[in-house]
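Enquirer: The opening residue of the sequence shown carries number 6 in this note's numbering; numbering runs sequentially from there. Glycine is no exception: its CB is placed at the ideal position from the N, C-alpha and C atoms. Small disclaimer: the values here were computed from a predicted structure and weren't measured.
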Amino acid sequence: MILLEFLGGIVIGLIFGSIFLMFLAILISWIMSEVNARILEKKRKEYNRYVERKHREFLNLKKEYLKYKNKLSKLISKTEGAENV
Numbered sequence: 006m007i008l009l010e011f012l013g014g015i016v017i018g019l020i021f022g023s024i025f026l027m028f029l030a031i032l033i034s035w036i037m038s039e040v041n042a043r044i045l046e047k048k049r050k051e052y053n054r055y056v057e058r059k060h061r062e063f064l065n066l067k068k069e070y071l072k073y074k075n076k077l078s079k080l081i082s083k084t085e086g087a088e089n090v
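See below:
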């Protein structure tokens with residue numbers, strides 16, 4: 006009888022122990038997914054700031070290019086006008 010109670014205790018312990026470990030694994034995976042989501046959000050914000058900075062640099066370079074292009078076209082038109090005279 007004692008052996009039967011002992012084996013029953015082992016079986017019950019294994020079942021409830023495995024259930025406890027399963028819930029513990031679920032909890033750990035949920036926590037890790039939350040942590041990973043926060044890390045990804047931080048990386049996404051950092052990347053967006055990088056893209057915005059590069060876009061501003063591009064717009065500034067484009068503005069400078071157009072400014073010098075206009076100066077050059079005016080200079081060329083002046084020299085062509087001087088050659089025609």
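Could you give the distance in angstroms between the alpha-carbon of Glu85 and the alpha-carbon of Lys68?
Expert: As a first step, residue 85 is located in the sequence shown; it is residue number 80 there, counting from the start. As a first step, residue 68 is located in the sequence shown; it is residue number 63 there, counting from the start. One C-alpha to the other measures close to 26 Å.
Enquirer: Just how far apart, CA to CA, sit His4 and Lys47?
Expert: The chain is shown only over 6 to 90; residue 4 falls outside these bounds and no answer can be derived.
Enquirer: Tell me the rounded alpha-carbon separation between Ile44 and Leu29.
Expert: The count along the sequence shown starts at 1 and reaches residue 44 at position 39. The count along the sequence shown starts at 1 and reaches residue 29 at position 24. So the two alpha carbons sit approximately 23 Å from each other.
Enquirer: Distance, Cα to Cα, Ile20 vs Ile33?
Expert: In the sequence shown, residue 20 corresponds to position 15, counting from 1. In the sequence shown, residue 33 corresponds to position 28, counting from 1. Distance between the alpha carbons of Ile20 and Ile33 is about 20 Å.
Enquirer: For Met37, name the three-state secondary structure that DSSP assigns.
Expert: Working through the sequence shown from its first residue, we reach residue 37 at position 32. Helix at Met37.
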